[in-house]
Amino acid sequence: MADITLDGIGHAYGGAPRSEADYALKPIHHVWESGKAYALLGPSGCGKTTLLNIISGLVIPSHGRLLFGDRDVTRLPTEQRNIAQVFQFPVIYDTMTVAENLAFPLKNRGMARPQIEKRVGEIAAMLDLVPDLGRRARGLTADAKQKISLGRGLVRSDVSAVLFDEPLTVIDPALKWELRSKLKAVHRALDLLMIYVTHDQVEALTFADKVVVMNDGRAVQIGTPTELFERPEHTFVGYFIGSPGMNLLRGEVSGAEARVDGHVLPLGAAYPNLAGGASVKLGIRPDYATLTQGEGLPVTVTRIDDLGRKLLAHVSLGGAGAQSLVASVPRGMGVDLGPARLRLDPAKTHVYHDERRVEGRSLTAGRAA
Amino acid sequence: MDTRAFANRAWLFVVPVMIVVLFSSLTPMMTVVNYSFQDTMGQNNFFWNGVGWFQNLLDPTTAVGQRFQGSLLRNLLFSAVVLAIEVPLGIAVSLCIPKSGWRVGAALVLIALPLLIPYNVVGVIWQLFSRTDIGLLGVGLTAAGVPFNVTQDAASAWFVIIVMDVWHWTSMLALLCYAGLKAIPDAYYQAARIDGANRWSVFRNIELPKLRKVLVIGMLLRFMGSFMIYTEPFTVTGGGPGEATSFLSIDLVKMALGQVDLGNAAAYSLVYNLITLTVCWVFFTYTTHADQKDAA
Numbered sequence: 001m002a003d004i005t006l007d008g009i010g011h012a013y014g015g016a017p018r019s020e021a022d023y024a025l026k027p028i029h030h031v032w033e034s035g036k037a038y039a040l041l042g043p044s045g046c047g048k049t050t051l052l053n054i055i056s057g058l059v060i061p062s063h064g065r066l067l068f069g070d071r072d073v074t075r076l077p078t079e080q081r082n083i084a085q086v087f088q089f090p091v092i093y094d095t096m097t098v099a100e101n102l103a104f105p106l107k108n109r110g111m112a113r114p115q116i117e118k119r120v121g122e123i124a125a126m127l128d129l130v131p132d133l134g135r136r137a138r139g140l141t142a143d144a145k146q147k148i149s150l151g152r153g154l155v156r157s158d159v160s161a162v163l164f165d166e167p168l169t170v171i172d173p174a175l176k177w178e179l180r181s182k183l184k185a186v187h188r189a190l191d192l193l194m195i196y197v198t199h200d201q202v203e204a205l206t207f208a209d210k211v212v213v214m215n216d217g218r219a220v221q222i223g224t225p226t227e228l229f230e231r232p233e234h235t236f237v238g239y240f241i242g243s244p245g246m247n248l249l250r251g252e253v254s255g256a257e258a259r260v261d262g263h264v265l266p267l268g269a270a271y272p273n274l275a276g277g278a279s280v281k282l283g284i285r286p287d288y289a290t291l292t293q294g295e296g297l298p299v300t301v302t303r304i305d306d307l308g309r310k311l312l313a314h315v316s317l318g319g320a321g322a323q324s325l326v327a328s329v330p331r332g333m334g335v336d337l338g339p340a341r342l343r344l345d346p347a348k349t350h351v352y353h354d355e356r357r358v359e360g361r362s363l364t365a366g367r368a369a
Numbered sequence: 001m002d003t004r005a006f007a008n009r010a011w012l013f014v015v016p017v018m019i020v021v022l023f024s025s026l027t028p029m030m031t032v033v034n035y036s037f038q039d040t041m042g043q044n045n046f047f048w049n050g051v052g053w054f055q056n057l058l059d060p061t062t063a064v065g066q067r068f069q070g071s072l073l074r075n076l077l078f079s080a081v082v083l084a085i086e087v088p089l090g091i092a093v094s095l096c097i098p099k100s101g102w103r104v105g106a107a108l109v110l111i112a113l114p115l116l117i118p119y120n121v122v123g124v125i126w127q128l129f130s131r132t133d134i135g136l137l138g139v140g141l142t143a144a145g146v147p148f149n150v151t152q153d154a155a156s157a158w159f160v161i162i163v164m165d166v167w168h169w170t171s172m173l174a175l176l177c178y179a180g181l182k183a184i185p186d187a188y189y190q191a192a193r194i195d196g197a198n199r200w201s202v203f204r205n206i207e208l209p210k211l212r213k214v215l216v217i218g219m220l221l222r223f224m225g226s227f228m229i230y231t232e233p234f235t236v237t238g239g240g241p242g243e244a245t246s247f248l249s250i251d252l253v254k255m256a257l258g259q260v261d262l263g264n265a266a267a268y269s270l271v272y273n274l275i276t277l278t279v280c281w282v283f284f285t286y287t288t289h290a291d292q293k294d295a296a
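As they're listed, the protein sequences go chains Z and P. Mapping of the first sequence onto our numbering: residues 1 to 369, in sequence order. Mapping of the second sequence onto our numbering: residues 1 to 296, in sequence order.
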């Protein structure tokens, strides 16, 4: 077991890319540490499956090198890579029993029969497939079939990584939770590097130690779920993670203040690197934009969404053509359509220039000096 | 108001079809049934013969029974041989057809060519091809020292007829299998690579099971085609030498039109028809039964 290194891996279908836009996957450097669980998160067509297929060898990248430990495997065929992969739709061998399906990857690699049986038994127990072991795989439900696919992915103990390509798409929602926690448990038990592709943020955040957020063929941020939530490095991450996503407001920044639609907002840090009056975006999550009965920006509530466990208010910053944002309504506070006051937490307000987060200079440090 | 009563008018739309079916198959069929239970001495005088013709036909000690049994066995052997060759060959050809690019179209057109040739033309082509005086195959084999003569040697006649059928019909199985192969999602092949399966294993565990349904249909069509074959072997050998290539249809036509043995021929055709129907029914119940097992 070893780390997997993407050394400038990029891919353009059809070879020679002429511009950035020709890449299905823009060159990326990243080390997948052995024993960790990663999620590749992004909308459809963002290049996550391409990246996964490059690691498994189903796609040979047009650029860069792929290392398993110190070994360059960029051009090695799939069968020689020691990778397991589970696909979006269940792939089972119709004519075999469940047990034979699970044993198939081991049998092909010439493992001894007693060992195969032992391993198949272990994996079947983990996935609750023991009662079905003797049955023909053909007649089973989609859920059970996908469990078999998962099992075939997990059955080899010597793999460098197990890759999952949206494996729970066909699974019934109620079972999804169960299978996901099962996968998590399997990960803990087997201590394998797992990479899990999904477009579902809940799936990504609950499964992974680290999430790679991808957009338009680019890895825009790699971080823990908390990092992605608290400090999105890219407006896309802010918008894509969280439900609803981060509010993004066009405005200008000078020093430690921002100007949005005529309002002056204090910021948690100073931005001397941005030219005075630089046009930027301010990002603040609805969780940190709260309606208040005390001091605050004068706004107009235009819509209220009752999510059951919390209330969200859509507020306009006033005036025609003004921007609007989503804010939380504190528990117990009555709210109506019409004028209200809004408080934005300066420490949680991020500044984005060119869609990327700008690191400010801490105000407290400045004051202390 | 209950409007459902008016829905019965829908049956009226079926009436024209019923009339056509009545004239196209039911009436001619009843004529045959008529002949099979009666006998005539001419002058359009018929008298009842009960199941006499059938007893005669199914009793192998009679002349007619012997003829029927011989033709049936020959025909079953012929069907078995062509199926045994065409099915594996069709699968093999379908696996070799390119999967993308302009070569797909070129390959499919080339493969489909034999299917576009009229049956009697196929017969003429092979009749000429196998002649020992002007046919390339006949002349070639004779020159190579192989004893070959379609008109005198039963083995030669069988050889030509089987090769001809394989040439004519393997394409259909190849095209059916190709369609079946195209329907297998890429993920299966990818998973097989991940699982370390070799080429044979991919064929055995993925491709062949996924081809099962098209193969059942293909085998049914080919069985029926070869079991009812007439034009091509008749053009090549005329059923000979002797009776060697007299299959059921050839023998039946000889009996009905050559010898005008109407009673025997009528019983013959009904039994022949019953055999084909039975095989169809067995295939049908087998496939639907297998589908139900899949769905369960």
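Backbone N, C-alpha and C fix where the C-beta goes; we use that ideal spot for every residue, glycine too.
* Asked: Where does HIS289 of chain P fall in DSSP's three states?
  -> helix
* Asked: What in chain P is Cβ-close to PHE236 of chain Z, meaning under 7 Å?
  -> Going along chain P, no residue has its Cβ under 7 Å from PHE236 of chain Z, so there is no contact; the nearest lies around 29 Å.
* CA-CA distance, HIS168 of chain P and ARG81 of chain Z? -> 46 Å
* Excluding the five sequence neighbours on either side, which residues of its own chain have a C-beta within less than 6 Å of the C-beta of ARG65 of chain Z, listed in chain order? -> ASP7, ASP72 and THR74
* Cβ pair count under 8 Å reaching 3, the region 184–202 of chain P against the region 36–50 of chain P -> no
* Decide yes or no for the touch test of the region 32–41 of chain P against the region 250–269 of chain P: beta carbon pairs closer than 8 Å, at least 3 of them. => yes
* Asked: Under the rule that 16 or more other beta-carbon atoms within 10 Å means buried, what is THR198 of chain Z, buried or exposed?
  -> Buried, since its Cβ has 16 or more Cβ neighbours within 10 Å.
* Taking the beta strand (DSSP E) that GLN85 of chain Z falls in, what are its first and last residues? -> Here the beta strand (DSSP E) through GLN85 of chain Z covers 83–86.
* To do: Tell me, please, whether the CB atom of ARG193 of chain P is closer than 8 Å to any CB atom in chain Z?
  => yes
* Check whether the Cβ atoms of MET246 of chain Z and ILE284 of chain Z lie closer than 8 Å to each other. => yes
* To do: Examine chain P for any beta-carbon lying closer than 8 Å to the beta-carbon of VAL130 of chain Z, and answer yes or no.
  => no
* Asked: According to the neighbour-count rule (16 or more other Cβ atoms, all chains shown, within 10 Å of its Cβ), is LYS99 of chain P buried or exposed?
  -> When all chains shown are included, LYS99 of chain P counts as exposed.
* To do: Residues of the region 86–99 of chain Z with a CB closer than 8 Å to any CB of chain P: list them in chain order, please.
  => From the region 86–99 of chain Z, only PHE87, GLN88, PHE89, VAL91, TYR93, ASP94, THR95 and MET96 have a Cβ closer than 8 Å to chain P.
* Across which residues does DSSP place MET96 of chain Z in a beta bridge pair? -> DSSP output for MET96 of chain Z lists no bridge partner at all.
* **Sequence-distant residues of its chain with Cβ nearer than 7 Å to VAL159 of chain Z (five each side left out)** => ASN82, ILE83, ALA84 and LEU192
* Using the beta-carbon count (16 or more within 10 Å), is ALA99 of chain Z buried or exposed? -> Answer is buried; the Cβ neighbour count reaches 16.
* Asked: Residues of chain P with CB under 8 Å from PHE164 of chain Z, in chain order?
  -> Those do not exist, as PHE164 of chain Z stays about 12 Å from chain P at its closest Cβ, beyond 8 Å.
* Chain-ordered chain P contacts of VAL83 of chain Z [CB-CB under 7 Å] -> The identity of residue 83 of chain Z in the sequence shown is Ile, whereas the question assumes Val. Here the neighbours are ILE194.
* Asked: Three-state secondary structure (DSSP) at SER34 of chain Z?
  -> coil
* **Continuous beta strand (DSSP E) assignments of at least 3 residues falling wholly in the region 160–189 of chain Z** => 161–165
* Asked: How would you label HIS29 of chain Z, buried or exposed, when you count the other beta carbons within 10 angstroms and need 16 or more for buried?
  -> Exposed: under 16 other Cβ atoms inside 10 Å.
* Span of the alpha helix (DSSP H), counted from its first residue to its last, around ASN215 of chain Z -> Boundaries around ASN215 of chain Z are those of the beta strand (DSSP E), 210–215, since no alpha helix (DSSP H) includes it.
* Could one say the Cβ of GLN190 of chain P lies closer than 8 Å to chain Z's Cβ atoms, at least one of them? -> It does; some Cβ of chain Z falls within 8 Å.
* ARG113 of chain Z to LEU106 of chain Z, Cα distance in whole Å? -> 9 Å
* Have a look at TYR38 of chain Z and SER157 of chain Z and give me their C-alpha separation to the nearest angstrom. => 18 Å
* Can the beta-carbon of GLY321 of chain Z be found closer than 8 Å to that of VAL299 of chain Z? -> No, Cβ-Cβ distance for GLY321 of chain Z and VAL299 of chain Z is not below 8 Å.
* To do: Determine, using beta carbons only, whether GLU359 of chain Z comes closer than 8 Å to chain P.
  => no
* Would you say PRO266 of chain Z reaches chain P, if we count a Cβ-Cβ gap shorter than 8 Å as a contact? -> no
* When the Cα atoms are used, what is the spatial distance from GLY223 of chain Z to VAL212 of chain Z? -> Rounded to the nearest whole angstrom, the CA to CA distance from GLY223 of chain Z to VAL212 of chain Z is 7 Å.
* Contact between the region 48–59 of chain Z and the region 156–175 of chain P (3+ Cβ pairs under 8 Å) -> no
* **Residues that SER100 of chain P contacts on chain Z, provided the C-beta gap is smaller than 7 Å** => What SER100 of chain P touches in chain Z: nothing, since even the nearest Cβ is about 14 Å away.
* Asked: So, ALA340 of chain Z versus LEU291 of chain Z, is the Cβ gap smaller than 8 Å?
  -> It is a contact, given that the beta carbons lie within the stated cut-off.
* **Cutoff 8 Å: ALA107 of chain P Cβ touching any chain Z Cβ** => Output row for ALA107 of chain P: interface = no.
* From this set, Z:GLY69, Z:GLY294 and Z:ALA289, which residue's C-alpha is nearest LEU311 of chain Z's C-alpha? -> Of the candidates Z:GLY69, Z:GLY294 and Z:ALA289, the one whose C-alpha sits nearest the C-alpha of LEU311 of chain Z is Z:ALA289.
* Can the beta-carbon of THR206 of chain Z be found less than 8 Å from the beta-carbon of ARG231 of chain Z? -> no
* Cβ shell of GLY377 of chain Z (< 7 Å), same chain only, five flanking positions each side left out -> Look at the range of chain Z in this structure, 1 to 369, and you will see that residue 377 of chain Z is not part of it.
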